[in-house]
Amino acid sequence: MSDITRDDVAHLARLARLAVSDAELDVFSGQIDAIVDTVSKVGEIPDDVPPTAQVVPQTNVLRPDETEPSLPRDVALAGAPAAEEGRFRVPRILGEEL
Numbered sequence: 051m052s053d054i055t056r057d058d059v060a061h062l063a064r065l066a067r068l069a070v071s072d073a074e075l076d077v078f079s080g081q082i083d084a085i086v087d088t089v090s091k092v093g094e095i096p097d098d099v100p101p102t103a104q105v106v107p108q109t110n111v112l113r114p115d116e117t118e119p120s121l122p123r124d125v126a127l128a129g130a131p132a133a134e135e136g137r138f139r140v141p142r143i144l145g146e147e148l
């Protein structure tokens, strides 16, 4: 075990400018300790294991683009909260002007 202490967590919290309670220090120290232990297991991998980018081979999973009929405009707009001139009406954002 890597023994991440409450002081270590408090130091990390200060660096990250996070407010952490005493109860959270105990919880986080255990959680961070478990994470560090899990990540340290990477060092246990034998040197003769080749690095891999993918665990399983990748194949082309894209389908060809094919034109298909879509919903008629009036059907698509029927469920819209607001529509105007055959388009979805949405609230103006970011102070944009027309």
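Note that this note's numbering has the sequence shown beginning at 51, numbered continuously upward. For every residue, glycine included, the Cβ atom is placed at its ideal position computed from N, Cα and C.
Report the three-state DSSP secondary structure of residue i (helix, strand or coil).
| i | result |
| --- | --- |
| Ala69 | coil |
| Ser90 | helix |
| Ala63 | helix |
| Leu112 | coil |
| Asp58 | helix |
| Glu74 | helix |
| Asp23 | The shown model of the chain, from 51 to 148, leaves out residue 23, and the question about it has no answer. |
| Gln104 | coil |
| Glu98 | One detail in the question is off: residue 98 reads as Asp in this sequence, not Glu. Asp98 falls in the coil class under three-state DSSP. |
If you count every other CB in all the chains shown that lies within 10 Å of the CB of residue i, and 16 or more means buried, which is it?
| i | result |
| --- | --- |
| Ile95 | exposed |
| Phe78 | buried |
| Ile143 | exposed |
For residue i, write down the residues that DSSP places opposite it in a beta bridge.
| i | result |
| --- | --- |
| Ala133 | Phe138 |
So residue i packs on residue j, CB below 8 Å; how close in whole Å?
| i | j | result |
| --- | --- | --- |
| Val70 | Ala60 | 7 Å |
| Ile54 | Val89 | With 8 Å as the limit, Ile54 and Val89 do not qualify as a contact, their Cβ atoms being about 12 Å apart. |
| Ala130 | Phe138 | 5 Å |
Would you mind working out which of the options sits nearest residue i, comparing C-alpha positions?
| i | options | result |
| --- | --- | --- |
| Glu74 | Glu118, Asp87, Arg56 | Arg56 |
| Gly80 | Val99, Leu65, Arg64, Asp58 | Asp58 |
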